[in-house]
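Under my numbering, the sequence shown is numbered contiguously, ending at residue 453.
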Amino acid sequence: MTAMPITGTLRRLLGPGEPEVTCEVCFARLDAYVDAGVLGQDADALVPGMRAHLAGCPACSDEHQSLKALVSSA
Ligand SMILES: [Zn+2]
Numbered sequence: 380m381t382a383m384p385i386t387g388t389l390r391r392l393l394g395p396g397e398p399e400v401t402c403e404v405c406f407a408r409l410d411a412y413v414d415a416g417v418l419g420q421d422a423d424a425l426v427p428g429m430r431a432h433l434a435g436c437p438a439c440s441d442e443h444q445s446l447k448a449l450v451s452s453a
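So, in structure tokens, the structure goes:
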């Protein structure tokens, strides 16, 4: 059997390939995550699993985008 290369997207569809925070954690840490990103810090290191969650959760992704826009314009 030949193993096919699995892309990041497919891996996500297949199951938890990388750690991911829950919506609850995402919501609680979103402020800090956005602040770090805007300040040029490593937001993904600050909140591990956040990036993966945002990629797979439209609701939190929307929240992230609007918060980022808000912070960036401040
Ligand atoms: Zn979410």
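We put the CB at the ideal spot given by N, CA and C, even for glycine. Being a predicted model, the structure only gives us computed values, none of them experimental.
Compare the beta carbon distance of residue i and residue j with 8 Å and say whether it is the shorter of the two.
i	j	result
residue 418	residue 443	no
residue 431	residue 397	yes
residue 428	residue 400	yes
Mind checking residue i: buried by the 16 CB within 10 Å criterion, or exposed?
i	result
residue 449	exposed
residue 369	Summary: the structure shown does not reach residue 369, with the chain confined to residues 380 through 453, and so no result is reported for it.
Does ligand 1 have a heavy atom nearer than 7 Å to the CB of residue i?
i	result
residue 432	yes
residue 424	no
residue 438	yes
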